[in-house]
Every structure is written in C-alpha cells, then in structure tokens.
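A.B. asks:
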Amino acid sequence: MNTQLLLIQSLNGLQFGVLLFLVAAGLTLVFGVMDFINLAHGVQYMLGAYLGASFAAATGSFWWALLLALPVALLAGLLLEWLVFRHLYARDHLAQVLATFGVILSLNQLVRMVWGSAPLQVPVPALLEGGIQLMPGLTWPTYRAAILLAGLATAGLLWLVVERTRIGALVRAGASNAPMVAALGVDIHRLFMLVFGCGAMLAGFAGVMAAPILSVEPGMGDTVLILAFVVIVIGGIGSVRGAFIAALLVGLIETLGRSLMPDLMRLFLAASPARQTGAALASMLVYVAMAGILAWRPRGLFPVRAG
Amino acid sequence: MLHRYTVPLTIFGALALAPLLGFGAGHSLSLLARAMILGLGALGLSVLVGGAGLVSLGHAASFGIGAYAVVMLDAAGITDAGVVFPTSVLAAAVFALLTGAVAIRTAGVNFIMITLAFGQMAFFTAASLSAYGGDDGYTLYARTRLFGTKLLENRWFFHYLLLALLVLAWLAGRRLLASRFGRVLRAARENPLRLQALGFSPYPYQLLAYTLAGALGGLAGALLANATEFVAPSFIAWQRSGDLLFMVILGGLGQLHGAVLGALAFVLLEEYLAELTPHWRLIFGPLLVLVALYLKGGLLGLVQRRG
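Next up, the structure:
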C-alpha cells in the first residue's frame, strides 16, 4: 500500500461520504421532526438516478437532466407523502417500517417494469471529464471532485439554513420536541412538508449525481438507505451536524476498508484467503464501527432529542 | 366470541390434514413446508415484537446462520442431525446473544436500525464466503441424516416433523409469555421506568428473549436449508427480515398462532400472485402498505371480530 493510493482512496471515501450525507440529511430531519421512520427514502435516491438517466438520454445534456430530475423527484416525494406517509405519522414504528417496506417493494418493481432490470449507464458530462492532477503522476477524476464540492456546498448551505434562519430554528426545535413546537402555534405539518420535500430533493440530487459513476439499477436505493441509516444512528437522530460527520466517517471506513483490508490480511494469510477474508471484513467494518459507537454512546455521537 | 383454542386448533388441524386431503403432491408439500418453517421463525419474532416490544429488522440473520451451519458441516462431511441441528441452533443463539448485547442497550428506532445493520453484516459475510458458493449459494446434495437414515428426504415425514416442531414451539412460546419471565418482558415494553423502580433490570430478560428467538430462527434456518436443499446469501437479505415482520403483523401480533397464520397466508399469497403475473410485487407491495395501515390486529383480528 503506498501513500498515493491511500490519498486517492481517502478522497473517494470523502466523495462517497458526501453522497451519503445528502441522503442521510433528509432522513435524519424527517425522523427527528416527525419521529417517522421512512425506509422508502432510498427509493427517492433511486428515482433521482433513473430520472437523471432518462432525462440525460432524452435531452443529451447532463445539466438539463439535473435541472429536470430535481423537481420531478420532489413531486414524486410529495405524492408518496400524500398517498402513504401522512397516514403513518401517528402510528407506531412497526407500522411505519412495514408500510414503507411495502413502498420499496412496489417502487423497485415499478422501476423494473418501466426501465427494465438491466443497469443503465449515464455518461459523465463533457465539462467534468478527465482528471485533476493532485501531484505529478497522480490524477483524480474531475467528476468525483465535482461531487465532493457539490456535496460540501450543499452541506454548508443546509448548515446555514438550519443554524442561521428562522425556519431552521423551527426545524431544530421540532427535532428536539415537536409537540412543544406545535403547542407554540407553529403549523408542524407544514413545517414537516417542507422538511420532507427538501429531504426528498436532496436524496434525488444525490441519485442524479451518483448516476454517472454508479450503475443505475433497481434496488440501488436499498444499499444506500441502509448505510444512510447507519449514518444517522451513529450521528444521533435529528442532528444534521452528526449526520455530516458520521457520513464522512462511514464513507471513509467503507471505501478505505475495501481497498486496505485485503492487503492488511496479506500480512497474516496467503493471497487467496486474504482476499476473501479481507473482503468479508471490509463489508462488516461499517457495522462493527456502528456497534462500537452505539455500545459506547447508545444515542449516537450528537443526540438531539430531549429526554 | 370464539373459544380461545378454536383458531390455533383449526390452523394446526388444517396443516395436519392437508397432505391427506389432496395437498400431498410434491409442490404443495414443499410450499407448506416453507410456510411452516417461516412460521417457526416468525413465532420467535412474534415473541420479540409482540411480547417484548423489540422490533427486530434483522431476524433473517438467524435463519441464515442456521442454514450456513448446515452448509459448512455438509462441506466438512458431517450430515448427522444430532450434530447439525444443535450446531445451527447454538450458532444462531450465540450470534443473537453477541449482537443483542449491543442492540438491546439502544431503544426504539435505534434498535430497529442496529438489528438491520447486524443483519447486513451477516449478509455480506455470507456473500463473501467463496468456499461456500459466495453470492451464488451452495447446493446440498443430500439432506441431513436422522439417526443415520434418510428419513428427512421423505416428504411426508418431513411435513409432520415440521408440524410437530411448530406445535412444540407454539406451546413453549405460550408458556414462556405466560410465565413470570413473559410478564417482565411485557412490563419492560409497557413501562421500563416503572419496571426498574420495582427492582427489575429489563436488560437480561430482553437479551434472553432475543437469544431464544435467535435460536429458534437458527433451527428454522437449518430446516429451510434441508427443505430447499440450497442455501444462498439471499436467505439473509434484509428484505427477508421485512417479510418475517410482515408475516407477524399479517397474522396478528397479539397471539402467537398469528405468526403461523401470517406465514401461511404470506406463502400462499406469494405463490398465487407469482402465478398470476411476473410483476406480482406490484400487487404485493401496495397490499403490504394497506395491511400495515388498516388491518389492525391482522387476520386473527378479522377472524375474531366475525366469530
């Protein structure tokens, strides 16, 4: 393992981390404000990717695709909220898990019917092709750098809104004690629609951005969803700051683990078993980290909710 | 009001008579076997969810561990039931004990998420076991031997063995929930603070319940491996855990035979819809949503309201 590869993989890890953050941010806020566990949030990411792929194919431009996919993803999210989710807020977590699980099954199948089972490819936009030279002989794809920057910019913007505006203060208050906010005369349902819509759009945005570097396929949202849940649980439910730090952490662990573990195992084992155990350990690493953090702090790193 | 044994006796009676009443063909029997095995696993989950209020979204992991124990012993040439089944049960119980020790420290949504994460951990581990087929799975060329005989290959014997195990597990589960242990579990679900004030720590009780459910899942997994003569990581996919939760809710949460009824209904519904259309999940998913939203009390509730 040399330092150059380590640097590249760390950057990839951060880039994956910001994508996770975009999905996790909506999840943690929705969860914090409405105590609503939405397994179908990953579907939003998948829809974003598919819409991006379709619009890119239709218009021939990634930028048009991005511009068109976001409002459609938002509408899809609001439609789901209206059809299913709003009937679940008053219900227990079990009903929420089941109903949103049903939504995942339905939409994965719908996507399979509309777009087929085969993965779709989206070309990287021409403007962002090629690589950035980090040091002599070491380049990193420009597109990944663009994702990292866009993710960081979105995170910054979100931080500004949540921490520095009146709406943000209401959202934070809602995450820490929603009934109290409602009692103070704030329309908590409208506040929630706003949070939910933003969350859906952020996840859709992550999907569109990920489309050129990942294969767009049915069920792609499930993997990201589970990692996003790990992120919000580690970060502390309802905390945007916690989600950000945890997302970068999970992105790094996941990416570095996959490239380092097999090599690390080589120190103890022969080549073939080392690759196998390394791969197994790498996929477990995130969950082990989560178990460790929760054993240490059962409510995550930055718990928000009072009581 | 129906007599309290009418429904369970009808379910078990129907299962006992089914092979004699024209459902003795290979396909019907294997369908019923699947339903009873899933029912066995769902029973354990029902004790957890209904009794202790612990909503686990990783219950399929215990199935997977039980099934992979069969595979690993098979690869080592050990197929004696006296070794295979205890190993499966023990392995799943140990996994549940270790993961439960961390998971039960958390509560509510964090518990759902962390069990999901542990399930994923088991899934990725199974997928990386290339010696046992990795992603493609492992075909068992012979079922586990009972006292050196091939009795388990006999479909009729297998059917009644499963039924006997199911009834035993149901009786044991009922005894457990009616005992002092079960009362502590329910109290921990209803009001953990008050329970602690009475001098009970809920933790060891919940952990034991989680471990027992895991052990039962391990047994079910070993039986499932024998029924399908094939084991793959998809046994542990998180969707399977969602399916198990659905069975418990579909049948009805309040009583243990609800889980058996739910498993039966689930398997038959899946089979019926899959024959109807390849896009059966598009019907199944919305159905799941509707059940979660409107069928409070599950099928049992429906039956009992009419009776």
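Which chain is which? The protein sequence lines are A and B, in order.
Just so you know, we're using the numbering used here here: the first sequence kicks off at 1 and counts up by one.
Just so you know, we're using the numbering used here here: the second sequence kicks off at 1 and counts up by one.
Glycine included, C-beta positions come from ideal geometry on N, C-alpha and C.
Since the model is a prediction, treat every value here as computed from it, not as a measurement.
1. 7 Å is my cut-off, CB to CB: does A/Gln109 come that close to chain B?
2. Rounded to whole angstroms, what is the Cα-Cα separation between B/Ala359 and B/Gly258?
3. Assign A/Ile226 to one of three DSSP states: helix, strand, or coil.
4. By DSSP, does A/Gln133 sit in helix, in strand, or in coil?
5. Nearest CA to the CA of B/Tyr5: which residue from B/His279, B/Val231, B/Arg174?
6. With 7 Å as the limit, tell me which residues of the region 241-275 of chain B have their beta carbon closer than that to any beta carbon of chain C; keep them in chain order.
7. Cα separation between A/Leu238 and B/Phe111?
8. Taking just the CA atoms, how far does A/Ala247 sit from A/Val231?
9. Can B/Pro19 and B/His159 be called in contact, C-beta distance under 7 Å?
10. Quick one: is B/Leu38 near chain A, going by C-beta distance under 7 Å?
11. Nearest by alpha-carbon distance to A/Gln96: which of B/Ala292, B/Gly298, B/Gln304 is it?
12. Could you check what DSSP says for A/Pro303 in three-state terms: helix, strand or coil?
13. What's the C-alpha gap between A/Ala306 and A/Gln133?
14. Please confirm if the region 274-290 of chain B is in contact with the region 217-232 of chain B, defined as three or more CB-CB distances below 8 Å between the two stretches.
15. Can you pull the DSSP bridge partners for B/Phe230?
16. What does the alpha-carbon distance come out to for the pair A/Tyr89 and A/Val240?
17. Contact criterion: CB-CB distance below 7 Å. Does A/Ala306 meet it with respect to chain B?
18. Is the beta carbon of A/Leu285 less than 7 Å from the beta carbon of A/Gly251?
19. Buried or exposed for B/Ile104, going by 16 or more other Cβ atoms inside 10 Å?
20. Assign A/Arg190 to one of two classes, buried (16 or more other C-beta atoms within 10 Å of its C-beta) or exposed (fewer than that).
21. On the three-state DSSP scale, how would you describe A/Pro141?
22. List the residues of chain A that B/Arg105 touches, going by C-beta distances under 9 Å, in chain order.
23. On the DSSP bridge list, what partners appear for B/Arg145?
24. Applying a beta-carbon distance threshold of less than 7 Å, which residues of chain B neighbour A/Leu105?
25. Once you ignore the five residues that flank B/Ala237 on each side, which residues in its own chain have a CB closer than 8 Å to its CB?
26. Between the region 215-248 of chain A and chain B, which residues of the former have a C-beta closer than 7 Å to a C-beta of the latter?
27. How is B/Leu57 classed by DSSP in three states: helix, strand or coil?
28. If I'm right that B/Phe63 touches B/Ala220 with Cβ under 8 Å, what's the distance once you round it to whole angstroms?
29. Can you confirm whether the region 86-101 of chain B touches the region 21-32 of chain B when touching is taken to mean that 3 or more C-beta pairs between the two stretches lie within less than 8 Å?
30. So with CB distances below 9 Å, who are the chain B contacts of A/Ser283?
31. Where does A/Val84 fall in DSSP's three states?
32. May I ask you to report which of helix, strand or coil DSSP gives B/Val303?
33. Which same chain residues, not among the five before or five after A/Leu107, have their C-beta less than 6 Å away from its C-beta?
34. Taking a Cβ distance cut-off of 9 Å, strictly less, list which residues of the region 161-173 of chain B are near chain A, in chain order.
35. Determine the chain A residues that contact B/Gly108 at a beta-carbon separation under 7 Å, and present them in chain order.
36. Look at the Cβ atom of B/Val70, then the Cβ atom of B/Ala222, and state whether they are nearer than 7 Å.
C.D. replies: According to the structure data:
1. For the purposes of this step, residue 109 of chain A is identified with residue 109 of the first sequence, where counting begins at 1. For A/Gln109, the answer is yes, since a Cβ of chain B falls inside 7 Å of its Cβ.
2. Chain B is shown only over 1 to 307; residue 359 of chain B falls outside these bounds and no answer can be derived.
3. The residue given as residue 226 of chain A occupies position 226 in the first sequence. Note: A/Ile226 maps to helix in three-state DSSP.
4. Stepping through the first sequence from its first residue, residue 133 of chain A is reached at position 133. Looking at A/Gln133 - three-state DSSP - the assignment turns out to be strand.
5. Residue 5 of chain B sits at position 5 when you count from the first residue of the second sequence. Per the Cα distances, B/Arg174.
6. The structure shown has no chain C; the protein chains it does contain are A and B.
7. In the first sequence, counting from the first residue as 1, residue 238 of chain A sits at position 238. In the second sequence, counting from the first residue as 1, residue 111 of chain B sits at position 111. Note that residue 238 of chain A is Gly in the sequence shown here, rather than Leu. Cα-Cα distance, rounded: 16 Å.
8. If you number the first sequence from 1, residue 231 of chain A lands on position 231. If you number the first sequence from 1, residue 247 of chain A lands on position 247. Between A/Val231 and A/Ala247, the alpha-carbon positions lie close to 5 Å from each other.
9. As a first step, residue 19 of chain B is located in the second sequence; it is residue number 19 there, counting from the start. As a first step, residue 159 of chain B is located in the second sequence; it is residue number 159 there, counting from the start. Yes; because the gap between Cβ atoms is below 7 Å, this pair is in contact.
10. Translated into positions along the second sequence, residue 38 of chain B becomes position 38. No, its Cβ sits nowhere closer than 7 Å to a Cβ of chain A.
11. Taking the first residue of the first sequence as 1, we reach residue 96 of chain A at position 96. It is B/Ala292 whose Cα lies nearest to the Cα of A/Gln96.
12. Locating residue 303 of chain A in the first sequence gives position 303, where the first residue counts as 1. Coil, per DSSP.
13. For the purposes of this step, residue 306 of chain A is taken as residue 306 along the first sequence, with counting starting at 1. For the purposes of this step, residue 133 of chain A is taken as residue 133 along the first sequence, with counting starting at 1. With a pLDDT of only 49 at A/Ala306, under the threshold of 50, the placement of this residue in the model should not be trusted; the figure read from the coordinates follows. Cα-Cα distance, rounded: 48 Å.
14. At 8 Å Cβ cutoff, the stretches do not touch.
15. By one-based count along the second sequence, residue 230 of chain B stands at place 230. According to DSSP, which records beta bridges pairwise, B/Phe230 is partnered with B/Thr139.
16. Sequence index remark: in the first sequence, residue 89 of chain A carries index 89 (1-based). Sequence index remark: in the first sequence, residue 240 of chain A carries index 240 (1-based). Cα to Cα, A/Tyr89 sits roughly 21 Å from A/Val240.
17. As a working note, residue 306 of chain A is residue 306 in the first sequence. For A/Ala306, the predicted structure reports a pLDDT of 49, less than 50, and the residue's modelled location is therefore unreliable. The matter cannot be settled from this model.
18. One-based indexing of the first sequence puts residue 285 of chain A at position 285. One-based indexing of the first sequence puts residue 251 of chain A at position 251. No. Outside cutoff.
19. Reading the second sequence from its first residue, position 104 is the one you call residue 104 of chain B. The residue in question, B/Ile104, is buried, as its Cβ has 16 or more Cβ neighbours within 10 Å.
20. The count along the first sequence starts at 1 and reaches residue 190 of chain A at position 190. So A/Arg190 ends up on the exposed side.
21. On the first sequence, residue 141 of chain A is found 141 positions in, with the first residue counted as 1. A/Pro141: strand per DSSP, three-state reduction.
22. As a first step, residue 105 of chain B must be located in the second sequence, where it is residue number 105. Here the neighbours are Leu294, Ala295, Pro298.
23. The count along the second sequence starts at 1 and reaches residue 145 of chain B at position 145. Note: B/Arg145 is bridge-paired with B/Asp80 in the DSSP secondary-structure output.
24. In the first sequence, the residue the question calls residue 105 of chain A occupies position 105. The answer, in chain order, is Arg281, Phe284, Gly285, Leu288.
25. Position 237 of the second sequence, counted from the start, is the residue given in the question as residue 237 of chain B. Closer than 8 Å at the Cβ level, and outside the excluded window around B/Ala237, lie Ala60, Phe123.
26. If the cut-off is 7 Å between Cβ atoms, the region 215-248 of chain A has Ile226, Phe229, Val230, Val233, Ile237 near chain B.
27. Within the second sequence, residue 57 of chain B is the residue found at index 57, counting from 1. DSSP places B/Leu57 outside both helix and strand once states are collapsed to three, so it counts as coil.
28. Locating residue 63 of chain B in the second sequence gives position 63, where the first residue counts as 1. Locating residue 220 of chain B in the second sequence gives position 220, where the first residue counts as 1. About 6 Å separates the beta carbon of B/Phe63 from that of B/Ala220, a gap short enough to meet the 8 Å contact definition.
29. For the pair of segments examined, the region 21-32 of chain B was found not to touch the region 86-101 of chain B: the number of CB pairs separated by less than 8 Å stays below three.
30. Locating residue 283 of chain A in the first sequence gives position 283, where the first residue counts as 1. Contact of A/Ser283 with chain B by beta-carbon distance below 9 Å involves Gln120, Met121, Phe123, Phe124, Thr125, Ala127, Ser128.
31. As a working mapping, residue 84 of chain A is identified with position 84 in the first sequence. Coil, per DSSP.
32. Taking the second sequence and counting its residues from 1, one reaches residue 303 of chain B at position 303. B/Val303: helix per DSSP, three-state reduction.
33. Counted from its first residue, the first sequence places residue 107 of chain A at position 107. Hits under 6 Å: Val43.
34. Correct list: empty, as no residue qualifies.
35. As a working note, residue 108 of chain B is residue 108 in the second sequence. Ordered by position in chain A, the residues that pass the 7 Å Cβ test against B/Gly108 are His93.
36. For this step, residue 70 of chain B is matched to residue 70 along the second sequence. For this step, residue 222 of chain B is matched to residue 222 along the second sequence. Against a cut-off of 7 Å, the Cβ pair of B/Ala222 and B/Val70 comes out as a contact.
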